[in-house]
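Student: Residue numbers (full-length UniProt numbering): 1 to 209.
We put the beta carbon where it would ideally sit given N, CA and C, even for glycine.
Here it is in structure tokens:
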């Protein structure tokens, strides 16, 4: 997909070589690296390169992914892949959405963030709808300014209390449709077949490899 307000660009292929994953989140970096395995890429994270994290000032997942990818590509001189993802709860009008990480505070405490989601749901009434979806926007940027965008989604239901010790973020409270385990109860291989990130990556792989 193309970013807001931009003309669609021709898909550019990604050549084998070094690629920066524009994230300091070790769990996210591990997932992305696994999804890229076997593509001839030498993956390094923004954290390993000691690159600063840009302020996420965008109003959509795609815009924030592009901000991060462009910053990492500019500073490293290498192609950079950024992910912006979040949990959108129907009963909360799509919150926490693009502010998903910020609900965890400065330390990105997702135990606290999940508690805040439950409190917000409780405030909507005695039996709130617990449907939700995860969104993942990917932006692949080159040092010359070219960017490609892709967006994936997975629908599911929230559970309380959270379950599982795998995954990261809101994974312990999210059960994807058609399954009875939370993302945090699934091994990486299972989650990587059905997640919002896997959906976005299928699009990216089909387009740029």
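1. Please tell me whether residue 140 and residue 51 are closer than 8 Å, where the distance is taken between their beta carbons.
2. Any idea which residues DSSP pairs residue 149 with across the strands?
3. Let me check one thing: in DSSP terms, what residues is residue 134 bridge-paired to?
4. Roughly how many angstroms lie between the CA atoms of residue 152 and residue 201, to the nearest whole one?
5. Any idea if residue 84 is buried or exposed, counting beta-carbon neighbours within 10 angstroms, 16 or more meaning buried?
6. Go ahead and pull the three-state DSSP assignment for residue 29.
7. At the level of alpha carbons, what is the spacing between residue 75 and residue 147?
8. Among all the DSSP beta bridges, which residues are the ones paired with residue 44?
9. Please name the residue or residues paired with residue 82 in a DSSP beta bridge.
10. Alpha carbon to alpha carbon, how far is residue 130 from residue 118?
11. At a cut of 8 Å, does the segment 159–169 reach the segment 38–58 through at least three beta carbon pairs?
12. Excluding the five sequence neighbours on either side, which residues of its own chain have a C-beta within less than 8 Å of the C-beta of residue 114, listed in chain order?
13. Under a Cβ-count criterion, where at least 16 other Cβ atoms within 10 Å of its own Cβ denotes burial, should residue 197 be classed as buried or exposed?
14. Select from 125, 185, 142, 25 the residue whose C-alpha is nearest the C-alpha of residue 18.
Tutor: On the basis of the supplied data:
1. Residue 140 sits at position 140 when you count from the first residue of the chain shown. Residue 51 sits at position 51 when you count from the first residue of the chain shown. Cβ distance not < 8 Å, so residue 140 and residue 51 don't count as in contact.
2. Here residue 149 refers to the residue found at position 149 when the chain shown is read from its first residue. As computed with DSSP, residue 149 is found in a beta bridge with 139.
3. The count along the chain shown starts at 1 and reaches residue 134 at position 134. 87, 154.
4. The residue given as residue 152 occupies position 152 in the chain shown. The residue given as residue 201 occupies position 201 in the chain shown. Between the alpha carbons of residue 152 and residue 201 lies a distance of about 8 Å.
5. In the chain shown, residue 84 corresponds to position 84, counting from 1. With 16 or more other Cβ atoms inside 10 Å of its own Cβ, residue 84 counts as buried.
6. Within the chain shown, residue 29 is the residue found at index 29, counting from 1. Residue state, collapsed to three classes: helix.
7. Against the chain shown, residue 75 aligns to sequence position 75. Against the chain shown, residue 147 aligns to sequence position 147. Distance between the alpha carbons of residue 75 and residue 147: 15 Å.
8. As a position in the chain shown, residue 44 is number 44, starting the count at 1. Answer is 20.
9. Numbered from 1 along the chain shown, position 82 holds the residue referred to as residue 82. Answer by DSSP bridge pairing, in chain order: 139.
10. Mapped onto the chain shown, residue 130 falls at position 130. Mapped onto the chain shown, residue 118 falls at position 118. Cα to Cα, residue 130 sits roughly 10 Å from residue 118.
11. The segment 159–169 is not in contact with the segment 38–58.
12. Here residue 114 is taken as the residue at index 114 of the chain shown, counted from 1. Taking C-beta separations shorter than 8 Å and ignoring five residues to either side along the sequence, the partners of residue 114 in its chain run 162, 170, 172, 173, following chain order.
13. Counting from one through the chain shown, the residue named residue 197 turns up at place 197. Per the 10 Å Cβ criterion, buried.
14. Here residue 18 refers to the residue found at position 18 when the chain shown is read from its first residue. Looking at the Cα atoms, 142 is the closest of the given residues.
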